[in-house]
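Taken in sequence, the protein lines are chains A and B.
Take 1372 as the starting number for the first sequence in this note's numbering and just add one per residue.
Take 170 as the starting number for the second sequence in this note's numbering and just add one per residue.
C-beta atoms are modelled at their ideal positions from N, C-alpha and C, and glycine is treated no differently.
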Amino acid sequence: MAKSPASPDPAPDASATPGVSGTPGTTGTAGLAGSAAEPESGPPIADAPAPRPDGPRSWQDVVDVNKKTDVPEGLWLRCPECETMLFRKNVEANLHVCTKCEAHFRISADERATQLCDPGSFEPLWENVAPLDALAFSDVKPYKDRLKSEQRKTGHRDAMLCGKGFIKGRGVVLGCMDGRFMMGSMGCVVGEKLTRAVELATKASRPLVVVSCSGGARMQEGAMSLMMLAKVSAALARFAAAGGLYVSVLSDPTTGGVTASFAMLGDVILAEPRALICFAGPRVIANTVRQELPKGFQTSEFLLAKGFVDRVVHRRDLRSEISRIIDFAGK
Amino acid sequence: MSTYTGLYELEFERPLIQLEKQIAELQSHAGDQGVDIAPELRNLRQSHTAMLKKIYANLTAWNTVKVARHPARPQPMDYVRSFVQDFMELHGDRAFGDDPAIVTGLGRIGPHKCMIVASNKGKDTKERIACHFGMAHPEGYRKALLKMKMAEKFGVPIVTLVDTPGAYPGIGAEERGQAQAIAVNLLEMSMIRVPIVSVIISEGGSGGALGIAVADRVAMMQYAWYSVISPEGCAAILWKTGEAASQAAESLKLTADQNLLLGTVDDVLEEPLGAAHRDPDTAADRLKKWIVGSLKELKRLKPEALQAKRMERLRNMGQHVEE
Chain A
1372 MAKSPASPDP APDASATPGV SGTPGTTGTA GLAGSAAEPE SGPPIADAPA
1422 PRPDGPRSWQ DVVDVNKKTD VPEGLWLRCP ECETMLFRKN VEANLHVCTK
1472 CEAHFRISAD ERATQLCDPG SFEPLWENVA PLDALAFSDV KPYKDRLKSE
1522 QRKTGHRDAM LCGKGFIKGR GVVLGCMDGR FMMGSMGCVV GEKLTRAVEL
1572 ATKASRPLVV VSCSGGARMQ EGAMSLMMLA KVSAALARFA AAGGLYVSVL
1622 SDPTTGGVTA SFAMLGDVIL AEPRALICFA GPRVIANTVR QELPKGFQTS
1672 EFLLAKGFVD RVVHRRDLRS EISRIIDFAG K
Chain B
170 MSTYTGLYEL EFERPLIQLE KQIAELQSHA GDQGVDIAPE LRNLRQSHTA
220 MLKKIYANLT AWNTVKVARH PARPQPMDYV RSFVQDFMEL HGDRAFGDDP
270 AIVTGLGRIG PHKCMIVASN KGKDTKERIA CHFGMAHPEG YRKALLKMKM
320 AEKFGVPIVT LVDTPGAYPG IGAEERGQAQ AIAVNLLEMS MIRVPIVSVI
370 ISEGGSGGAL GIAVADRVAM MQYAWYSVIS PEGCAAILWK TGEAASQAAE
420 SLKLTADQNL LLGTVDDVLE EPLGAAHRDP DTAADRLKKW IVGSLKELKR
470 LKPEALQAKR MERLRNMGQH VEE
């Protein structure tokens, strides 16, 4: 089973006071944290969307509504896109998708693995692989300290969760990037674990599913991070030569070196709706070209229109779509 | 004496240039009154060489980046013109266009027929703009791959000469799949059945450089830089100010020697005293020698062995611990 992501929280009773943000240092999900409203001063109950009648039926067996996530504690949260106040439990039951505007919120690797795999079937691998500070890198904060605080925050040693599991009964090797850990950036550990996952899939003749969620290659590991692009891609080339099926799932955000390597190399590339998917970030481009960027630029739908993504898939349909692809193409 | 007579001055070379001016002045007065200037000239030249050695022995990472970007520094196409015989450029990606930021073509280097893939920053302003200052578009990477596949078909080894600050970040580049083009190159180059050697000539900027630098053997010129991001980009993200570029350059460990230590490159090609722009011919000779020697060794390997070794080389990249 995947570990509960919020377990390292040192204050066990923090959750007893709804509305009080649990861990002060959790800034990684700032996009979602804007909901720190007092429960008393919350919106009128009428605003609370009722559970969708056409809701995610196929998911009900998978979702543990009471499970903790990286979303800060509190009964309510505000959707960063449509700004509706949402009842947290409804959002969680809806796979962390806004019940009003269908915005797909970022989720942890643990949550992702739990969502995608049949209940209790996910078995993490190589959890002991840990990062080194080979460059003795230091910006405004030493990389060593950064790693420690991220590890405490997420309960993981780095930004990649790999393992074996079953999706609707089909055995897969699964890799999930953890956007909470240094923006899911790819350093040596992410590269190594992913390479091992590809090799395992090759050896065991299993389909490979990788869910990307990353700000790109990790600067703090310098040129070695860059080499991870080639390392994983080379392993994928051998997997492809052996006839392996690779389904790449892109979630918000998938950028930089991750897009420019394994994320774009899937036999089938699926993307969650409205995710940011790009090589160079919009700010970098705006600085270079000094002109307004087209509307919807670098979203999943934009990539679909330009021919770089096979399908844009709602989170609740990922399981069924992946298992159908496996039935068509997997061994 | 290694002198550089161009107009561009590197800040940390100011005292050196002062000395060069003195020497030139003295030389111009040589015949004036029949005074023997030889001893003084010798002294000045000696201190010039000593100063040059001292400055270049203690280059900071940031100053190395500045040397790598020196406008007079020989570019990949300068080397191609210098030692590639019968070079025949092959244009276009057969799909969208011809990106001048990557030049591809056939030629001979010593005894070897080669497919050459070279970054191109351009020489004058007009050319530089056309080449986007060496930042390639997807069609550039696709052209490179197309020509490399052709080389594979006919058993011709591949030589790539890299000098790019990165892949072009623009609307058209994103629309046409910059990331996908680079990703496919990484995957395909790891499987190509002919020898590939790569040299980071000046700038090795991120995925834009790696997209033509997956090889059996990778070398770096002594004063080149190679990293996951440019120092300016890194400074802007981590320090929130581009002013921290020199600190970022230091932190990124982007010099040739540091890359050698990290195992991200296999060889460092020593440059002439005071960097390649002071003595391009010597730099070209050393580069050619390395390419010829490396190809000679790699050509002995069967395609399967090449593929296996290339994978092994990449497989061992990076550092981590098992706790």
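Cα separation between THR294(B) and CYS1547(A)?
If you draw a straight line from the Cα of THR294(B) to the Cα of CYS1547(A), it is about 46 Å long.
Let me know the secondary structure DSSP gives HIS1475(A) once reduced to three states.
Taken through DSSP and simplified to helix, strand or coil, HIS1475(A) comes out as strand.
At which residues does the beta strand (DSSP E) containing TRP1447(A) begin and terminate?
1447-1449
I want to see whether chain B comes within less than 7 Å of SER1604(A), judged by CB atoms only; does it?
yes
Are any of the Cβ atoms in chain B nearer than 7 Å to that of ALA1572(A)?
Using a CB distance cut-off of 7 Å, ALA1572(A) does not count as an interface residue toward chain B.
What does TRP394(B) pair with, by DSSP beta-bridge criteria?
GLU372(B) and THR424(B)
Rank HIS306(B), ALA352(B) and PRO364(B) by C-alpha distance to the C-alpha of PHE323(B) and give the top, closest one.
PRO364(B)
Note down, in chain order, each residue of its chain lying with its Cβ closer than 7 Å to the Cβ of PHE252(B), except the 5 sequence neighbours on either side.
ILE278, ALA453 and LYS457
Limits of the beta strand (DSSP E) - the one that THR329(B) falls within
Going by DSSP, THR329(B) is part of the beta strand (DSSP E) stretching over 327-333.
Counting only the same chain and skipping the five closest in sequence on each side, list residues whose C-beta sits under 7 Å from that of GLY1593(A).
LEU1506
Just the chain B side, please: which residues come within less than 8 Å of VAL1656(A) by C-beta, in chain order?
What sits at residue 1656(A) in the sequence shown is Ile, not Val. Within chain B, the residues near ILE1656(A) are PRO338, GLY339, ILE340 and GLU343.
Straight-line Cα distance separating LEU1641(A) from GLN1716(A)
Coverage of chain A is limited to positions 1372 through 1702, which leaves residue 1716(A) absent and any answer about it impossible.
Kindly list, in the order they appear in chain B, the residues whose Cβ is closer than 7 Å to that of PRO1502(A).
Residues of chain B with a Cβ closer than 7 Å to the Cβ of PRO1502(A) are, in chain order, HIS489.
Determine whether the Cβ of ASN428(B) lies closer than 7 Å to any Cβ atom of chain A.
Yes, contact with chain A.
Length of the line joining the Cα atoms of LYS292(B) and GLU440(B):
21 Å
Kindly indicate which residue of ARG1686(A), GLN1662(A), ASP1638(A) and HIS1527(A) has the alpha-carbon position closest to the one of PRO1644(A).
ARG1686(A)
Residue closest to LEU1545(A), alpha-carbon to alpha-carbon, out of GLU1570(A), SER1556(A), CYS1559(A) and CYS1469(A)
When each option's Cα is compared against that of LEU1545(A), the closest is GLU1570(A).
Whole angstroms are fine: how far does the CA of HIS446(B) sit from the CA of ARG1567(A)?
ARG1567(A) and HIS446(B) have their C-alpha atoms some 44 Å from each other.
Go to ILE340(B), then tell me how far its beta strand (DSSP E) extends in each direction, as first and last residue.
Not the beta strand (DSSP E): ILE340(B) falls in the alpha helix (DSSP H), residues 340-344.
Quickly, what does DSSP pair LYS1535(A) with across the bridge? List them, please.
GLU1494(A) and VAL1544(A)
Starting from the C-beta of GLY1542(A), find all residues in its chain whose C-beta is less than 6 Å away, skip the five residues before and the five after it, and write them out in chain order.
Here the set comprises ARG1577.
Any C-beta of chain A under 7 Å from that of ALA270(B)
no
For THR1626(A), which of helix, strand or coil comes out of DSSP?
coil
Measure from the C-beta of TYR395(B) to each C-beta in chain A and report whether the shortest distance is under 7 Å.
yes
Do VAL286(B) and THR329(B) have their C-beta atoms within less than 7 Å of each other?
yes
The region 1518-1525 of chain A in contact with the region 1457-1477 of chain A per 3-pair CB rule at 8 Å
Taking 8 Å as the limit for Cβ pairs, the verdict is that the region 1457-1477 of chain A does not touch the region 1518-1525 of chain A.
At least one CB of chain B closer than 7 Å to the CB of MET1557(A): is that the case?
no
Considering only the alpha carbon of each residue, which of CYS300(B), TRP231(B), ALA193(B) and ALA382(B) lies closest to LEU355(B)?
ALA382(B)
Tell me the rounded alpha-carbon separation between PRO472(B) and LEU407(B).
43 Å
I'd like to know whether the C-beta of SER1619(A) is nearer than 7 Å to at least one C-beta of chain B.
no
Quick check: what's the CA-CA separation for GLU1692(A) versus ASP1638(A)?
ASP1638(A) has its alpha-carbon roughly 14 Å from the corresponding atom of GLU1692(A).
Going residue by residue through the region 1560-1615 of chain A, where are the continuous alpha helix (DSSP H) segments of at least 4 residues, counting only ones entirely within it?
1593-1612
To the nearest angstrom, report how far apart ASP267(B) and ALA342(B) are at their CA atoms.
13 Å
Taking C-beta to C-beta, are ALA336(B) and GLY376(B) nearer than 7 Å?
yes
Count the other CB atoms, across all protein chains shown, that sit within 10 Å of the CB of CYS403(B); report buried if there are 16 or more and exposed otherwise.
buried
Top-ranked residue by Cα proximity to PHE256(B), from GLY274(B), PRO269(B), HIS198(B) and PRO243(B):
GLY274(B)
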